[in-house]
Amino acid sequence: MKRVFLNMCKGNQVLRILLFAAIILCAGSMVYGSGWLSINGYYKSYFTAYDYTDVDYFFSGEVVSTEETPLNAAVNNRIRLKTMVRITNYLSIIGAYDFSPRVKGDEDSGTAGFLMGRLSSVFTKYRVDDIRYRLYPEPCEPMGNFGIYQNLDRLFLTVNSRFADFYIGRQAIAWGSARVINPTDILAPYAFNELDIEDRIGVDAVRMRVPVGFMGEIDAGYVFGEDFEYKNSAMFLRGKFYYRRNDISLMAVNFRENLMLGIDWTRSIGGAGFWLEGAYVFDDAFSTDERDSEYDYFRATIGGDYSLRDGTYLFMEYHYNGAGANDIDEWLSGPFNQSYRLASGYLAGQHYLAPGIGYQITPLIILNGQMLANLSDPSLFLMPSIEYNIAENIYLSGGAYLGFGRPIELVFSENDVEVRYNSEFGNYPDYYFTSFRIYF
Numbered sequence: 012m013k014r015v016f017l018n019m020c021k022g023n024q025v026l027r028i029l030l031f032a033a034i035i036l037c038a039g040s041m042v043y044g045s046g047w048l049s050i051n052g053y054y055k056s057y058f059t060a061y062d063y064t065d066v067d068y069f070f071s072g073e074v075v076s077t078e079e080t081p082l083n084a085a086v087n088n089r090i091r092l093k094t095m096v097r098i099t100n101y102l103s104i105i106g107a108y109d110f111s112p113r114v115k116g117d118e119d120s121g122t123a124g125f126l127m128g129r130l131s132s133v134f135t136k137y138r139v140d141d142i143r144y145r146l147y148p149e150p151c152e153p154m155g156n157f158g159i160y161q162n163l164d165r166l167f168l169t170v171n172s173r174f175a176d177f178y179i180g181r182q183a184i185a186w187g188s189a190r191v192i193n194p195t196d197i198l199a200p201y202a203f204n205e206l207d208i209e210d211r212i213g214v215d216a217v218r219m220r221v222p223v224g225f226m227g228e229i230d231a232g233y234v235f236g237e238d239f240e241y242k243n244s245a246m247f248l249r250g251k252f253y254y255r256r257n258d259i260s261l262m263a264v265n266f267r268e269n270l271m272l273g274i275d276w277t278r279s280i281g282g283a284g285f286w287l288e289g290a291y292v293f294d295d296a297f298s299t300d301e302r303d304s305e306y307d308y309f310r311a312t313i314g315g316d317y318s319l320r321d322g323t324y325l326f327m328e329y330h331y332n333g334a335g336a337n338d339i340d341e342w343l344s345g346p347f348n349q350s351y352r353l354a355s356g357y358l359a360g361q362h363y364l365a366p367g368i369g370y371q372i373t374p375l376i377i378l379n380g381q382m383l384a385n386l387s388d389p390s391l392f393l394m395p396s397i398e399y400n401i402a403e404n405i406y407l408s409g410g411a412y413l414g415f416g417r418p419i420e421l422v423f424s425e426n427d428v429e430v431r432y433n434s435e436f437g438n439y440p441d442y443y444f445t446s447f448r449i450y451f
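So, in structure tokens, the structure goes:
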């Protein structure tokens, strides 16, 4: 498994000062009254075993050898501390800090891991600058089996007025009603096979939300990229309206000189829920360079859910990806769609089906199952899991992420080597995990 680390050899003094100021403010609130301060968080521990697909080597149409990838393992621990300091009835500061020691084996993903670097990777960097991500070893030192990481994931000021709410600083911004794939959620989404998606990744932004009518609002903001540069940043305008039992959101997002126009619709009919989420992206719409409409694309997700009388929860989604291709080799070898990558796109196909089920075996044990299938390959990804509520705010869970489909092949000729990916999810590594979570 590849892990990408930010190469930051120089700490950011400004963010350190802000973090120190927030800690001092929290300490002062403890002294002057607990009503001003809220502290909570969690501890999570994940044990993960993962295995990349084996690679067949062909010569003259026959398999001459097979590279078997050894099973790798890792233990990820995460402590997240969340604080809210209420300065006045209209002004508060919210922060969240992650501390994460990790242990991993001698990682060897083999040829498959090297060749699959473009799959299931999400672009999420909307931060002006950051504190050093890796505490140990030093970012410029080689990585061993043990590392300590940190993340200042929230630090923002909220201002509540009579006509609007303002949010200034590092915060979470997410859109979309779809369950598995959100075409409009382009700033900091998670890939579908991420293990820990409880808290969205924080971005640096200034945001204003204005209530309008019954259950409606106008939502606008500017999201800052690296060094405050316009070409690295985003801005958005979103309107949410309620009309005859329909929740409708319309939005326009300028992200890194590209334009996204999106819609999100939800409605309940006869006890079932339905949603439609779509986005059209105009590549380089705000760039000074001449744009090529060939890279424009449309993405959409339509789905519904229903809860049975016994408590079983069912949902089904269909996703269309206009930036993908019917053949993964065509997608990987074709022109690089920069706007799709900058919109955090990573799926290679065009047509996907995503069913899911949740069943409460007992009041304390919940069984979940989910699948994402590429209908063009065909290939699929299964995600079964089970969770046990040991005690109040203590949970134990386990599961697997399993890919099925034709794996990678390396075809040798006398003068060349051809890489055949054959399917999308057939090349994803299999994950087996257990997790232990405590909330406080």
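Using our numbering, read the sequence shown as starting at 12 and increasing by one per residue. We treat Cβ as the ideally placed atom computed from N, Cα and C, and that holds for glycine. Predicted, not measured: the structure shown is a model, and the values here were computed from it.
Can you tell me whether glutamine 381 is helix, strand or coil according to DSSP?
The residue labelled residue 381 in the question sits at position 370 within the sequence shown. Note: glutamine 381 maps to strand in three-state DSSP.
Through-space distance from tyrosine 432 to tryptophan 186, alpha-carbon basis
Along the sequence shown, one-based indexing puts residue 186 at 175. Along the sequence shown, one-based indexing puts residue 432 at 421. For tryptophan 186 and tyrosine 432, the distance between alpha carbons rounds to 33 Å.
Terminal residues of the beta strand (DSSP E) in which glutamine 349 lies:
To locate residue 349, count along the sequence shown from 1; it is residue 338. Counting along the chain, glutamine 349 falls outside any beta strand (DSSP E), though it belongs to the alpha helix (DSSP H) covering 349–353.
To which residues of the same chain is glycine 367 closer than 6 Å at the C-beta, ignoring the five residues directly before and after it?
For the purposes of this step, residue 367 is identified with residue 356 of the sequence shown, where counting begins at 1. In its chain, beyond the 5 residues on either side, Phe326, Gln381 have a beta carbon closer than 6 Å to the beta carbon of glycine 367.
By alpha-carbon positions, which one of Phe252, Val170, Asn156 ends up nearest to threonine 99?
To locate residue 99, count along the sequence shown from 1; it is residue 88. When each option's Cα is compared against that of threonine 99, the closest is Val170.
Go ahead and label methionine 262 buried or exposed: buried means 16 or more other beta carbons lie within 10 angstroms of its beta carbon, across all protein chains shown.
Against the sequence shown, residue 262 aligns to sequence position 251. Buried.
Between tyrosine 178 and proline 440, what straight-line distance do the alpha-carbon atoms span, to the nearest angstrom?
Within the sequence shown, numbered from 1, the residue matching residue 178 stands at position 167. Within the sequence shown, numbered from 1, the residue matching residue 440 stands at position 429. For tyrosine 178 and proline 440, the distance between alpha carbons rounds to 39 Å.
List the whole-angstrom C-beta distance separating tyrosine 108 from leucine 163, where the pair is believed to meet the contact cut-off of C-beta under 8 Å.
Your numbering for residue 108 matches position 97 in the sequence shown. Your numbering for residue 163 matches position 152 in the sequence shown. The Cβ separation is near 6 Å, so the contact holds.
What residues match up with glutamate 465 in a beta bridge as DSSP calls it?
The chain is shown only over 12 to 451; residue 465 falls outside these bounds and no answer can be derived.
Between leucine 17 and serine 111, what straight-line distance do the alpha-carbon atoms span, to the nearest angstrom?
Residue 17 sits at position 6 when you count from the first residue of the sequence shown. Residue 111 sits at position 100 when you count from the first residue of the sequence shown. Note on leucine 17: pLDDT 36, under 50, position unreliable in the model; the coordinate value appears next. Those two C-alpha atoms are separated by around 15 Å.
Best match in Glu435, Trp342, Ala231 for proximity to isoleucine 184 [C-alpha to C-alpha]
Looking up residue 184 in the sequence shown gives position 173. Ranked by how close their Cα comes to the Cα of isoleucine 184, the residues Glu435, Trp342, Ala231 have Ala231 in first place.
Looking only at its chain, what residues have a beta carbon closer than 7 Å to the beta carbon of tyrosine 147, apart from the 5 residues adjacent to it on each side?
For the purposes of this step, residue 147 is taken as residue 136 along the sequence shown, with counting starting at 1. So the list reads Gly158, Ile159, once near-sequence residues are dropped.
Quick one: what's alanine 290 bridged to in DSSP?
One-based indexing of the sequence shown puts residue 290 at position 279. Alanine 290 is bridged to Gly273, Arg310.
For leucine 6, which residues of its own chain have a beta-carbon under 7 Å away from its beta-carbon, when the five flanking residues on both sides are left out?
Given that the chain is displayed from residue 12 to residue 451, the structure contains no residue 6 and the question cannot be resolved.
Taking the continuous beta strand (DSSP E) assigned at aspartate 164, which residues delimit it?
Residue numbering aside, residue 164 sits at position 153 when the sequence shown is read from its first letter. Following the DSSP letters along the chain, one finds aspartate 164 inside the beta strand (DSSP E) bounded by residues 157–171.
Cβ-based burial, valine 428 [other Cβ within 10 Å; buried from 16]:
If you number the sequence shown from 1, residue 428 lands on position 417. Exposure of valine 428 is indicated by the presence of fewer than 16 other C-beta atoms within 10 angstroms of its C-beta.
Which of the three DSSP states, helix, strand or coil, is assigned to serine 344?
For the purposes of this step, residue 344 is identified with residue 333 of the sequence shown, where counting begins at 1. Serine 344 falls in the helix class under three-state DSSP.
Rounded to the nearest angstrom, what separates glycine 360 and tyrosine 351 at their Cα positions?
Here residue 360 refers to the residue found at position 349 when the sequence shown is read from its first residue. Here residue 351 refers to the residue found at position 340 when the sequence shown is read from its first residue. Taking the straight line joining both Cα atoms gives about 13 Å.
Tell me glutamate 228's beta-bridge partners as DSSP assigns them.
The count along the sequence shown starts at 1 and reaches residue 228 at position 217. According to DSSP, glutamate 228 bridges with Pro222, Lys251.
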